[in-house]
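Counting from 1, position 50 in the sequence shown corresponds to residue 50 in full-length UniProt numbering; the numbering is continuous, with no gaps. Remarks on the structure that follows.
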Amino acid sequence: MQQQQQPQKKLVVSKKLMKVGPWGGPGGNPWDDGGHTGIRSITLTYDRFIDSIAVEYDRNGLAVPGDRHGGAGGNQTTQIKLSFPEEYLTTVSGHYGTVATANTPAAIRSLAFRTNRREYGPFGTVAEGGTPFAFPVDGGAIVGFWGRSSGWQLDAVGLHVAPLRPETMYEKAHKLGVMAYRSVRQRIGTQ
1 MQQQQQPQKK
11 LVVSKKLMKV
21 GPWGGPGGNP
31 WDDGGHTGIR
41 SITLTYDRFI
51 DSIAVEYDRN
61 GLAVPGDRHG
71 GAGGNQTTQI
81 KLSFPEEYLT
91 TVSGHYGTVA
101 TANTPAAIRS
111 LAFRTNRREY
121 GPFGTVAEGG
131 TPFAFPVDGG
141 AIVGFWGRSS
151 GWQLDAVGLH
161 VAPLRPETMY
171 EKAHKLGVMA
181 YRSVRQRIGT
191 Q
């Protein structure tokens, strides 16, 4: 007799956030995208440094575009689209350091990302003699970014992390109710 598998409970982000980091150099102006309910995509521009980062977040089922942080340079652009909500960010790693030919303070040289499904990167230059960093989240997800950036590059990066917990019946019912309401409003329009 075959045993029936129990349906796997969907995990959702807890509202309890923790801010960690930053990693990188001391320069640049502070920025903070805050914590969200998830990450939908990450766009990086890079060359010798990570020139900029822009993240599209999720806030309770709605896409929330974050600002671009860093400079306008970079010869390469990569957009990482996560299969949200099934795929979530669990690790950010990279290197920071200076470029020997440039008289600049330390900045983020490379970034790599791991989700509960796969790995992305590294993007940028893995610096010889640079300082590596990694922050893996066990039993949680990375739900926001913060750091410092100048007009040229991403100087430092930090993370907002949250534990994962099973979705409650109330949250499932609420989500279905909101989706039904939006569907009806779309069909009949605003009157």
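Beta carbons are placed, not taken as given, at the ideal position from N, Cα and C, and that holds for glycine. Bear in mind the structure is a predicted one, so any value in this text is a computation, not a measurement.
Pull up the CB-CB distance for Gly25 and Ala156, whole angstroms please, since I reckon it's below 8 Å. 6 Å
Distance, Arg68 Cα to Glu119 Cα: 23 Å
I want to check one thing, is the minimum distance from the CB of Leu159 to the heavy atoms of the ligand ATP below 7 Å? The ligand ATP is absent from the structure shown, which contains no ligands of any kind.
State the CB to CB distance for the pair Phe114 and Thr90, rounded to an integer number of angstroms; the pair is presumed to be in contact (CB under 8 Å). Note that residue 114 is Arg in the sequence shown here, rather than Phe. That belief holds up - the Cβ atoms of Arg114 and Thr90 are roughly 6 Å apart, short of 8 Å.
By alpha-carbon positions, which one of Pro30, Gly28, Gly34 ends up nearest to Ala162? Gly34
Give the list of continuous beta strand (DSSP E) stretches no shorter than 3 residues that lie fully inside the UniProt domain "Jacalin-type lectin" (17 to 163). 18 to 24, 29 to 32, 38 to 46, 50 to 59, 62 to 70, 76 to 81, 89 to 97, 107 to 115, 119 to 124, 131 to 136, 140 to 149
Have a look at Gln153 and Gln79 and give me their C-alpha separation to the nearest angstrom. 17 Å
Buried or exposed: which applies to Leu62, given that a residue is buried once 16 or more other Cβ atoms fall within 10 Å of its Cβ? exposed
Apart from the five residues on each side of it in sequence, which residues of its chain come closer than 7 Å, Cβ to Cβ, to Asp47? Gly73, Gly74, Asn75, Gln76
Do Phe135 and Val92 have their beta-carbon atoms positioned less than 8 Å apart in this structure? yes
In whole angstroms, what is the alpha-carbon distance linking Trp146 and Lys81? 20 Å
Cβ shell of Asp51 (< 6 Å), same chain only, five flanking positions each side left out: Thr45, Gly70, Gly71, Gly73, Gly74, Gln153
Classify Pro22 as buried or exposed, calling it buried when 16 or more other Cβ atoms lie within 10 Å of its own Cβ. buried
Can you check whether the CB of Ile39 is closer than 8 Å to the CB of Val143? yes
Straight-line CA distance for Val55 to Phe84? 13 Å
Rounded C-beta distance between His95 and Thr131? I'm assuming under 8 Å. 7 Å
Would Arg148 pass as a contact of Thr125 if the rule is Cβ separation under 8 Å? no
Apply the 10 Å Cβ neighbour rule to residue 192 and answer buried if 16 or more other Cβ atoms are within range, or exposed otherwise. Outside the displayed span of the chain (1 to 191) sits residue 192, for which this structure offers no information.
Alpha carbon to alpha carbon, how far is Ser150 from Ala106? 12 Å
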